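To start, the structure under review is shown below, and the notes come after it.
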Amino acid sequence: MIESSGYTKLRIKMILTTLGFSLIPLLILGYTIYRQFEAAHTGKVIQHLSHLTENKRRTIDLFLNERLSQLMAIAYTHQVEYFLEGSTLESVFTLMQARSKYYIDLGIIDQNGNHVAYTGPYQAIRTANYKEEEWFSQVQAKGFYISDVFLGRRNYPHFIIAVSRRDGDKTWILRATIDSDIFDSLVQSDQLGANGDAFLLNADNVLQSKPRFGPKLLARMDLGAFARFTGVRTETIAVDGKPFLVGLAWLENKNWLLAIRDDPSEEMMPLAHTRSLMWIILAGGFLLIAGGTILTSNTILAQLVRSEREKAMLNASLTQSSKMASLGKMAAGVAHEINNPLAIIKEKAGWMRDLLEEEDVKASPNYKELEDAIAKIEYHVTRAKDVTHRLLGFARRMDPIHEDVNINDVINQTITFLQNEARYRAIEIHTGFQTDLPFVASDSAQLQQVFLNIIDNAIDAIGKDGNIHIRTMAVHDPNEVIITIKDSGPGIPREKLDKIFDPFFTTKKVGEGTGLGLTISFSIIQKLGGQIKVESEEGQGATFIISLPLNKD
Amino acid sequence: MDIKILLVDDEFDFVETMTKRFHIRKMPVTSAASGMEALKLIDEQDFDVVILDVRMPGMDGLEVLRQIRAKRPLTEVIMLTGHASLDAGMQGMSLGAYDYVLKPADFDELLDKVRRAAERKALNVSAQARG
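Going down the list, the protein sequences come from chains A and B. Note that the first sequence covers residues 1 to 553 in the numbering used here. Note that the second sequence covers residues 1001 to 1131 in the numbering used here.
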């Protein structure tokens, strides 16, 4: 049998192996799926951001285009004189404002930079000259101009769109001022989420619209240098040490950069959910697998231990059987060889006894001694004969007969043989019989020998003052009758327990026992198809358990 | 009445001592050391009782018994078995032996059985003579 530390090692090995083979694929699977999901999700987020950025860019471009077209249309459909007459400019401006509240004022500037007509709230700039301004020369050269956002003379954030018209040798400029708040509303939208942000930057990284977080309008916002590019780009940019995904796009009509910053928490929410879900599933899987593994390995090990034990028991019983068989043969041989010399010794002694009857020998002074010696020889020959006959009886291959035996009756009968001896030694024999015990197909004479041997041994073991309990009962599966004989004797030491059925093993004094009683009992019970076992602990008495099969085969 | 006894055993000392003990009781005993020798003697003389050892080298006691029964059905045979084997004894009985005695035998018991076997033989002989 494998010792228990061996089993522990085996158990640990089994558990670790099973866990390894189950958990590694689980972890790989979890990691891969998570990675795939992360990539897909990030792709989706980027796509969404690009889409949003592109849309916003178009909106702003469209807005600027419309304003520009409007001014162009106004400038090119009328002569400058038309606007200088009375309140014409005023009514044009009113019309424009009706369509778009963000127009602040409208003015006409001649080729010398003089403000020749103005309508709007800032009458102070009515007489201003713009000849030295940078935008003035730009608009002269290009025909139109869109400025960055600035405070200017009005001290209010705005930007201008100017259109120049050449009329013969004269050039005049129609200039509109637009409140830059328009960009805030164009750029921001609720599509950005709680923490998202969007803003416009000019080429010098100066904010052209108010971001929701961080610096104010016209402050610098350093996202890094981006050369003009077409289309939309997404970048991961660190702001305040935190990485943000930013969509970038240059406007078509103006060298402004549109930047849309995604809400990182909202963007990562599904990922975080997935991650925690994955951990929960992994933990659940681990617990399930670990539990299953431990359960399975325990079951397997229990099975293993059981079969080991059964094998050991079977081995022990096979060993015992073959030991019995070979010992039986040997015993028979020895007994037979001894019997012949014993017969001769006995006859010689008998002959001597015959001769003692002769007249002259009877007169011999040693007659008494001789007769005594002969009697002793005969006595001891008889004793030796008893041993050899028992040995031969043990070896005898006599088929047991099969009759219907009432075990209770056989035991009762056996007890009557031993009752006197037991009473004399103050030993009480208690019986607990199952009254409706089924008949056993067996050999009552041989069974009686077995019970006699065991009960006699029990009486010898107790010596004086004690109890013997004999019980019978029928059990199912397998269908057997169980007989237990329990004594209150000193018990059998552990080291002697497995020798107790061996031939010539005896604890009795020399001359009192042959050491064959239990051997013969064992072999009888075995021939009858049953089993005999002994359970004992030192100081606790001994219990013999005999099981006999009920079926007749 | 003299009983004619044939003792068959391969143990010389045993045969010798037994012969002496029978002689001292005024019972003549012829002895044979093997089955073949015994059968030869039986061919020559008519014995009342044959004391036959079961286990002998050469021809085994049971075979000798079979042949005795064939030759002299009236002769009674007592099997002497050192083989304790009730089996051999029983087998002998079923082959028509009068009785069997376990070795080492009690001489008085054997003597008793020999006398009774001789009585039966006498009865059988007279019955046959009448019938």
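Ideal Cβ placement from N, Cα and C applies to all residues, glycine included. All values reported here derive from a predicted model rather than from experimental measurement.
Just to confirm, are residue i and residue j a CB contact at a threshold of 8 Å?
i, j, result
"Gln-531(A)", "Thr-472(A)", "no"
"Val-481(A)", "Leu-447(A)", "no"
"Leu-84(A)", "Phe-93(A)", "no"
"Ala-1070(B)", "Thr-1081(B)", "no"
"Leu-19(A)", "Ile-289(A)", "yes"
"Pro-1057(B)", "Asp-1009(B)", "no"
"Met-221(A)", "Leu-201(A)", "yes"
"Leu-437(A)", "Ile-407(A)", "yes"
"Leu-1007(B)", "Ser-1031(B)", "yes"
"Ala-198(A)", "Ala-259(A)", "yes"
"Lys-1004(B)", "Asp-1043(B)", "no"
"Ala-1033(B)", "Phe-1012(B)", "yes"
"Trp-559(A)", "Asp-110(A)", "Beyond the ends of chain A as shown, which are 1 and 553, falls residue 559(A); an answer cannot be given."
"Ala-1117(B)", "Tyr-1100(B)", "no"
"Ile-237(A)", "Gly-224(A)", "yes"
"Leu-174(A)", "Ile-46(A)", "no"
"Met-1079(B)", "Leu-1123(B)", "no"
"Leu-16(A)", "Leu-301(A)", "no"
"Pro-503(A)", "Gly-517(A)", "no"
"Leu-89(A)", "Thr-119(A)", "yes"
Output the distance between the C-alpha atoms of residue i and residue j, rounded to the nearest integer angstrom.
i, j, result
"Leu-418(A)", "Ala-335(A)", "29 Å"
"Thr-234(A)", "Gly-193(A)", "18 Å"
"Asp-1108(B)", "Leu-1074(B)", "24 Å"
"Lys-1103(B)", "Leu-391(A)", "14 Å"
"Leu-273(A)", "Glu-266(A)", "Looking at the sequence provided, one finds His at residue 273(A) rather than Leu. Looking at the two C-alpha atoms, the distance is approximately 11 Å."
"Glu-66(A)", "Ile-33(A)", "49 Å"
"Ala-331(A)", "Val-1050(B)", "30 Å"
"Val-1077(B)", "Ser-547(A)", "44 Å"
"Ser-147(A)", "Tyr-31(A)", "52 Å"
"Met-619(A)", "Leu-217(A)", "Any property of residue 619(A) remains undetermined from this structure, which presents chain A solely from 1 to 553."
"Ser-50(A)", "Val-232(A)", "6 Å"
"Asn-467(A)", "Arg-425(A)", "11 Å"
"Thr-8(A)", "Ser-276(A)", "36 Å"
"Ala-422(A)", "Ala-461(A)", "12 Å"
"Met-1059(B)", "Thr-506(A)", "40 Å"
"Lys-1121(B)", "Arg-1072(B)", "11 Å"
"Gly-1035(B)", "Glu-1063(B)", "8 Å"
"Gln-36(A)", "Leu-23(A)", "20 Å"
"Leu-355(A)", "Ala-1105(B)", "19 Å"
"Leu-151(A)", "Val-80(A)", "28 Å"
"Leu-550(A)", "Leu-314(A)", "21 Å"
"Leu-29(A)", "Arg-228(A)", "43 Å"
"Leu-327(A)", "Glu-403(A)", "29 Å"
"Ser-1094(B)", "Lys-1113(B)", "17 Å"
Determine the extent of the beta strand (DSSP E) in which residue i is found, giving its start and end residues.
i, result
"Phe-244(A)", "242-250"
"Phe-144(A)", "144-146"
"Phe-199(A)", "197-201"
"Glu-428(A)", "427-432"
"Phe-544(A)", "542-549"
"Met-1036(B)", "First-last for Met-1036(B): 1035-1044, but that is the alpha helix (DSSP H), not the beta strand (DSSP E)."
"Gly-517(A)", "Looking at the DSSP string, Gly-517(A) is not in any beta strand (DSSP E); the run it does join, the alpha helix (DSSP H), is 517-527."
"Gln-531(A)", "531-536"
"Tyr-103(A)", "103-109"
"Asn-568(A)", "Only positions 1 to 553 of chain A appear in this structure, which leaves residue 568(A) out of reach."
"Phe-609(A)", "This structure does not reach residue 609(A), given that chain A is present from 1 up to 553, and the question cannot be answered."
"Met-1018(B)", "Taken as a continuous stretch (DSSP letters only), Met-1018(B) belongs to no beta strand (DSSP E), being part of the alpha helix (DSSP H) at 1012-1024."
"Leu-257(A)", "257-261"
"Ser-1031(B)", "1029-1032"
"Leu-1007(B)", "1005-1008"
Along the alpha helix (DSSP H) that carries residue i, what are the first and last residues, could you check?
i, result
"Phe-417(A)", "407-424"
"Val-92(A)", "88-99"
Fill in: chain B contacts made by the region 374-386 of chain A, where a contact means CB separation under 9 Å
From the region 374-386 of chain A, only Val-381, Thr-382, Ala-384 and Lys-385 have a Cβ closer than 9 Å to chain B.
Worksheet item: Which of the residues in the region 337-369 of chain A, read from start to end, lie with their CB under 7 Å from any CB of chain B?
Response: Residues Asn-339, Asn-340, Leu-342, Ala-343, Ile-344, Lys-346, Glu-347, Lys-348, Gly-350, Trp-351 and Asp-354.
Worksheet entry | Segment contact flag, the region 1010-1026 of chain B with the region 346-359 of chain A, C-beta cutoff 8 Å, min 3 pairs | The region 1010-1026 of chain B, when compared against the region 346-359 of chain A, does touch it at the 8 Å Cβ threshold.
Item to complete: Scan the region 1008-1038 of chain B for residues whose Cβ lies nearer than 7 Å to a Cβ of chain A and list them as they occur along the chain.
Response: Going along the region 1008-1038 of chain B in chain order, one finds Glu-1011, Asp-1013, Phe-1014, Thr-1017, Met-1018, Lys-1020, Arg-1021 and Ile-1024 with a Cβ nearer than 7 Å to chain A.
Item to complete: Count the CB pairs spanning the region 411-431 of chain A and the region 375-385 of chain A that are closer than 8 Å, and state whether there are at least three.
Response: By the Cβ rule, the region 411-431 of chain A does not count as touching the region 375-385 of chain A, because fewer than three pairs are nearer than 8 Å.
Discussion item. Assess contact between the region 95-102 of chain A and the region 115-126 of chain A, defined as three or more Cβ pairs (one per stretch) separated by less than 8 Å. Is contact present?
Written reply: No, they do not touch.
Worksheet item: Quick check: the region 444-459 of chain A against the region 521-529 of chain A, are there 3 or more CB pairs under 8 Å?
Response: Result yes; three or more Cβ-Cβ pairs closer than 8 Å.
Fill in: Touch test, the region 173-193 of chain A against the region 149-160 of chain A, Cβ-Cβ under 8 Å, three pairs minimum
Under the 8 Å Cβ criterion, the region 173-193 of chain A counts as touching the region 149-160 of chain A, having at least three qualifying pairs.
Worksheet item: Are the region 162-175 of chain A and the region 135-147 of chain A touching, with three or more C-beta to C-beta distances below 8 Å?
Response: With the cut-off at 8 Å, the region 162-175 of chain A and the region 135-147 of chain A touch.
Worksheet item: Quick check: the region 539-546 of chain A against the region 298-318 of chain A, are there 3 or more CB pairs under 8 Å?
Response: Fewer than three beta-carbon pairs drawn from the region 539-546 of chain A and the region 298-318 of chain A are found closer than 8 Å, and the two stretches are therefore not classed as touching.
Worksheet item: Does the region 293-311 of chain A touch the region 475-492 of chain A, meaning 3 or more C-beta pairs lie closer than 8 Å?
Response: At 8 Å Cβ cutoff, the stretches do not touch.
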